[in-house]
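Working notes for the structure below.
Residue numbers (the working numbering): 1069 to 1363.
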């Protein structure tokens, strides 16, 4: 049975209002649904899901249940970003694997010849799974951390909680993807460095050198993000340091120590709004460094 244009519009409206329909999912499935090829529409939806999962974990060839197990295994970076604890990670793996097992290839199962309602419901499920994968789309799995940072984050999870640590991972991975270089040897003060124009007293002229844009302070009970505004930033040429201090203090950073460097305690500041605001500060600071160097 074919869907009329009105029925198709209703289908899309239902999906969009219920689940925020993925544009590519709609594009791939709408004609098949319109023709009444519901089994084929379901298969096409799961092919798209496989493509997104393979892209998220940077692998080729894996499909179906095998792909789900690989994407959400115990040591998967994707699972660590998306789930708050081991039970949730197992739940994600079982959810994706179960969906593939039941619906990936309708003609291979007893449940075939879906009607419009079945097709709509299954595509809505795929849409949900796509949204789950998209939550980690800002952090490709190929962005990996050096061993010292990965070890620190694993330890921090037991203290900060899985949710806060997951958000911290996303933030730090954005920094890496954005071009910051991680100190792969430090244990306590793990620097995320960028090139800046600096002028030290003993230098005859300014130099383009790496400096710590921020530090991840890796000390149990004191996990924090810190900006050396009283140290290295003092030698950054033409940089608007006062403005940086104001922005950091607005989102919860407080001065500490002899140099009055600005620190945010990750036990207190770790929600999504904090990391979103912090990422904007980091991104703007790095851009300001680049603009000064380009002059």
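Even glycine gets a Cβ: it sits at the ideal position worked out from N, Cα and C.
Original post:
Using the rule of at least 16 other Cβ atoms within 10 Å of the residue's Cβ for burial, across every protein chain shown, is residue 1253 buried or exposed?
Top reply: For the purposes of this step, residue 1253 is identified with residue 185 of the chain shown, where counting begins at 1. Result: exposed.
**OP:** Locate the beta strand (DSSP E) running through residue 1266, then write down its first and last residues.
**Re:** Taking the first residue of the chain shown as 1, we reach residue 1266 at position 198. 1257 to 1266 is the extent of the beta strand (DSSP E) around residue 1266.
Original post:
Which term fits residue 1219, buried or exposed, when burial requires 16 or more other beta carbons within 10 angstroms of its beta carbon?
Top reply: Working through the chain shown from its first residue, we reach residue 1219 at position 151. That one is exposed.
Original post:
Of the residues 1162, 1150, 1181, 1146, which one's Cα is nearest the Cα of residue 1109?
Top reply: One-based indexing of the chain shown puts residue 1109 at position 41. Residue 1181 is the option with its Cα nearest to residue 1109.
Subject >> Where the alpha helix (DSSP H) containing residue 1188 begins and where it ends >> reply: As a first step, residue 1188 must be located in the chain shown, where it is residue number 120. Taken as a continuous stretch (DSSP letters only), the alpha helix (DSSP H) holding residue 1188 covers 1184 to 1202.
Original post:
How is residue 1281 classed by DSSP in three states: helix, strand or coil?
Top reply: For the purposes of this step, residue 1281 is taken as residue 213 along the chain shown, with counting starting at 1. Strand, per DSSP.
Original post:
Since residue 1322 is in the beta strand (DSSP E), which residue starts that stretch and which ends it?
Top reply: Residue 1322 sits at position 254 when you count from the first residue of the chain shown. It spans 1322 to 1324 - the beta strand (DSSP E) in which residue 1322 sits, taken as one unbroken run.
**OP:** Alpha carbon to alpha carbon, how far is residue 1352 from residue 1299? Give it in angstroms, no decimals.
**Re:** Numbered from 1 along the chain shown, position 231 holds the residue referred to as residue 1299. Numbered from 1 along the chain shown, position 284 holds the residue referred to as residue 1352. Rounded to whole angstroms, residue 1299 to residue 1352 spans 19 Å at the Cα level.
Original post:
So which of 1199, 1257, 1288 has the shortest CA-CA distance to residue 1222?
Top reply: Against the chain shown, residue 1222 aligns to sequence position 154. The option with the nearest alpha carbon to residue 1222 is 1288.
**OP:** Give a yes or no on contact between the segment 1181 to 1200 and the segment 1297 to 1311, applying the rule of three or more CB pairs nearer than 8 Å.
**Re:** no
Original post:
Can at least three beta-carbon pairs, one atom from the segment 1122 to 1134 and one from the segment 1093 to 1109, be found at a separation below 8 Å?
Top reply: no
Subject >> Alpha-carbon spacing of residue 1349 relative to residue 1100, whole angstroms >> reply: For the purposes of this step, residue 1349 is taken as the residue at position 281 of the chain shown. For the purposes of this step, residue 1100 is taken as the residue at position 32 of the chain shown. In a straight line, the C-alpha of residue 1349 is about 46 Å away from that of residue 1100.
**OP:** For residue 1214, collect the residues of the same chain with a Cβ closer than 7 Å to its Cβ; drop the 5 residues on either side in sequence, then sort them by chain order.
**Re:** As a working mapping, residue 1214 is identified with position 146 in the chain shown. The answer, listed in chain order, is 1250, 1252.
Original post:
Which residues mark the beginning and the end of the alpha helix (DSSP H) in which residue 1331 is found?
Top reply: Residue numbering aside, residue 1331 sits at position 263 when the chain shown is read from its first letter. First-last for residue 1331: 1329 to 1333, but that is the beta strand (DSSP E), not the alpha helix (DSSP H).
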